[in-house]
Every structure is written in structure tokens, then in C-alpha cells.
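The block underneath contains the structure these notes are about, expressed in C-alpha cells.
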Amino acid sequence: MALKNLLALVVLLGVVGVSVASPYENPFRKSQSNPGTMGNLDLDYYRYKCPQMEDIVRRVTIQYVSPKPTLAAALLRMHFHDCFVRGCDGSILIKSPNNDAERDAPPNLTLKGYEVVDAVKSALEIACPGVVSCADVLALVARDAVLVIRGPWWPVPLGRRDGRISRISEANLPSPFANVDTLKKNFSDKGLNTKDLVVLSGAHTIGVSSCGLISSRIYNFTGRGDFDPAMNPNYVKELKKRCQPTDVKTIVDMDPGSVDKFDSHYFDAVDQRKGLFISDSALLNDWETKLYVKTQVWARGASFNRDFAESMVKLGFIGILTGDQGEVRNRCDRVK
């Protein structure tokens, strides 16, 4: 009986993706990409320092995201934006009295969910003062927020330290207007490959945007009152019903018909030429990204959750600070 229980446990760990060995070697350590990113992380980093840490993060995240599921996409986006600028160091969370921090950059002005990170951090400071970094909090909150809406689970190795620098001038993020070559370079510069690009684009399955970001694409793409020929004409008609030419505020779903569910439907939309942004449509302009899109459509997303989990783990290692680098802030919005 004991042997059966042991075998069942091994099977369960394999299903949910939990690693029996807790240390995670940095995937960039042995490559030329991100040469400054040398530290490793550990699933059990807070095991003795703050054993109730993950329970606290999950409890508070559920309290905020359950009544407002759209926060899942917002928090996932915040984590992505943090990691793409100076690495996953929590610098996106820092406020500046001069409005010159990362969060003040135009791409970050629409970020939401700071209150969730602050609430989690406050709860942790009561339980384990000065122990858990804001960078780790954000990484965990992003994962747990996606779990609340029944999205995929992925392991979050821990031990990141918080950065002390946050500059608006450095917030150069992948653009929704970028072509596929530019996007591939954006990701390559961070040590991520083409597969990571198309897989992480799949996060748009729960995202929303505004009419302001697509107005020129559907009304005046080349300055002649036309729309982007890369878009499905029927989809353009639908968008025009929702977005008037001067409307910049109305919300538009990135994954039409399935925005409330974390699934592979985004790739169906892209394949049907219903990608909301130029960067979505661009995935059909490269053989590797197009093949992945087509594969998910044909296989009905059979590997998407697993692929997304793997790419999120890689994302979480970009530019990390470990050891005696950086600090552990007691408030996420300000350096010590």
C-alpha cells in the first residue's frame, strides 16, 4: 500500500509540473545571452525564512482577483514589463516624485494591479519582516492570479533581490506596432528564443486594449482611409462598430470570443487574421512562429499550457539580482 501511495505521489508531481529537486539553475548561465544574469534561484528559498509565504501570497491574490478576474491579465502584463526592463527586479513598482520611473513610461501608464502587489507585500511584512523581495512577490502574484482564472500553473523559483534603479528612459518594451523581425530581436536581446516569443504572445488570450491603439489600423492604415490588409475584413467591420474614429477609450478584447478564459483560442484568432495588434498578425509572417500558431490550432492547444509554463520560468530569470546584489524593500514602491 505504501508503495502504491509513493507511486501516486510521483505521478501527481509529474502532472502538476513540480520539481522534486528545488534548486533551479539559471537557463542563461551557460549561454552568451544576458551575461550579467548569473545567479540561480530555488523553489524552497523561503522554506525556513518565511514558511507560510506562498500561502499568504495565494490567499491575498485570490481575495483581489476572484471578484475582479481582469486583474489576472494586468498582473501577468506587469510581471512581463518588469522583466523586460532591467530584469525581474521589481523596478516597475518604484514610484518617483518626478514621474521619471519605469511606471511613468507611456507603455506602463495603463498597467493595473499595483494594489494587489502592495497588499501581498504588507501581509508578508507582518508575517516575515524584511524577508521576501518585491521581485519575488510580483512573480508569484502573476502566477497565482492566472491560476485564479483557471489558467496554467508554473513553478516560480525564488531568491530574486529588488533593484534600486527605475528609469523612464529605459522602458523600451516590445511594441504592439512591431514587425516579427523586431519582435524576435527584442526577445533575443533578453535571451528568449522565437518559440518563447510566440508562446508568451499567447498571454493575449486574456488581455484587453483600447480603441486608441488600433484606430489607425482599421481606419487609416496607410493614410488613405484604408485598413491593414493583414486583418480579416469582417473583423475590421466588427471593430469599427465598437470603435469610432475618434474613440480612444473603449475597451477591446485581444482574443475575441474567449477573453475570459486562459486557453489557446488566441492562436485560432491569429490564424483567422483577427490579431488585434500588428504584433499579433506578425506571427504569421515568420515560418517558425506561423508553424507554432498552426500547430496549436490543429492540436487544439494540446501543448500550450506546458509551453507557456516553460517560457514563464525562463522569463522569470531575466536579469535577476541575487546574493548581495540589490536589496529587499519593505515597501515595493520605494527604495530603502
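Numbering (this note's numbering), first residue to last: 58 to 393.
From the three backbone atoms N, C-alpha and C, an ideal C-beta is built for every residue, glycine too.
Helix, strand or coil for residue i? Go by DSSP, reduced to three states.
i: Asp219; result: strand
i: Asp193; result: helix
i: Asp112; result: helix
i: Asp51; result: The requested residue 51 does not occur in the structure, where the chain is confined to residues 58 to 393.
i: Tyr81; result: strand
i: Ile287; result: Ile is not the amino acid found at residue 287; the sequence shown has Ala there. Note: Ala287 maps to coil in three-state DSSP.
i: Ile206; result: coil
i: Arg104; result: coil
i: Asp301; result: Rather than Asp, the amino acid found at residue 301 in this sequence is Gln. It is coil, neither helix nor strand.
i: Val117; result: helix
i: Lys125; result: coil
i: Val213; result: coil
In or out: residue i buried (at least 16 other Cβ within 10 Å) or exposed?
i: Arg160; result: buried
i: Val305; result: exposed
i: Leu197; result: buried
i: Gly93; result: Here the model assigns Gly93 a pLDDT of 45, short of 50, so the residue's position is not dependable, and the following value carries that caveat. Burial call: exposed.
i: Ser190; result: buried
i: Ala78; result: In this prediction, Ala78 has a pLDDT of 40, which is less than 50 and means its spatial position is unreliable; what the coordinates show is noted afterwards. Looking at its Cβ environment, which holds fewer than 16 other Cβ atoms inside 10 Å, Ala78 is exposed.
i: Ala356; result: exposed
i: Thr346; result: buried
i: Lys178; result: buried
When the Cα atoms are used, what is the spatial distance from residue i to residue j?
i: Val174; j: Cys140; result: 15 angstroms
i: Ile335; j: Val350; result: 15 angstroms
i: Pro290; j: Leu132; result: 32 angstroms
i: His261; j: Val255; result: 11 angstroms
i: Ile151; j: Lys252; result: 31 angstroms
i: Leu372; j: Phe361; result: 16 angstroms
i: Ala184; j: Asp246; result: 38 angstroms
i: Phe137; j: Asp219; result: 16 angstroms
i: Ser272; j: Gln353; result: 29 angstroms
i: Phe374; j: Leu249; result: 10 angstroms
i: Pro124; j: Arg281; result: 44 angstroms
i: Ser223; j: Ile149; result: 7 angstroms
i: Phe324; j: Met311; result: 11 angstroms
i: Arg143; j: Arg134; result: 16 angstroms
i: Leu243; j: Leu296; result: According to the sequence displayed, residue 243 carries Asn and not Leu. Their backbone Cα atoms lie some 29 angstroms apart in a straight line.
i: Arg274; j: Lys106; result: 51 angstroms
i: Met288; j: Asp328; result: 10 angstroms
i: Gln120; j: Ala326; result: 32 angstroms
i: Lys34; j: Gly358; result: As displayed, the chain neither begins before 58 nor continues past 393, which places residue 34 out of reach and without an answer.
i: Thr127; j: Leu168; result: 12 angstroms
i: Leu98; j: Phe234; result: 34 angstroms
Please list, in chain order, all residues of the same chain as residue i whose beta carbon is under 6 angstroms from its beta carbon, the five residues on each side excluded.
i: Val392; result: Arg221
i: Pro302; result: Tyr276
i: Thr115; result: Note on residue identity: the sequence assigns Arg, not Thr, to residue 115. Excluding residues within five positions, the ones whose Cβ falls inside 6 angstroms are Asp201.
i: Leu341; result: Lys347
Starting from the C-beta of residue i, find all residues in its chain whose C-beta is less than 7 angstroms away, skip the five residues before and the five after it, and write them out in chain order.
i: Leu240; result: Pro231, Leu254, Ser336 and Ala339
i: Val316; result: Ile263, Val265 and Asp310
i: Ile225; result: Asp157, Ala158, Glu159, Asp161 and Ala162
i: Val176; result: Note on identity: in this sequence residue 176 is Ala, with Val being the wrong assignment. These residues qualify, in order along the chain: Val117 and Tyr121.
Which residues in the same chain have their Cβ closer than 8 angstroms to the Cβ of residue i, if we skip the five residues on either side of it in sequence?
i: Asp283; result: Asn277
i: Ala366; result: Gly74, Pro209, Trp210, Trp211 and Pro212
Say yes only if the C-beta of residue i is nearer than 7 angstroms to one or more non-hydrogen atoms of the ligand NAD, and no if none qualify.
i: Trp210; result: The ligand NAD is absent from the structure shown, which contains no ligands of any kind.
Length-filtered (4 minimum) alpha helix (DSSP H) runs lying within the stretch 224-274: Qualifying alpha helix (DSSP H) stretches, in chain order: 237-245 and 251-258.
Every unbroken alpha helix (DSSP H) inside the stretch 304-392 [4 residues or more]: Correct list: 322-328, 335-338, 344-355 and 361-372.
Segments assigned alpha helix (DSSP H), at least 4 residues, entirely inside the stretch 133-199: The qualifying runs are 171-184.
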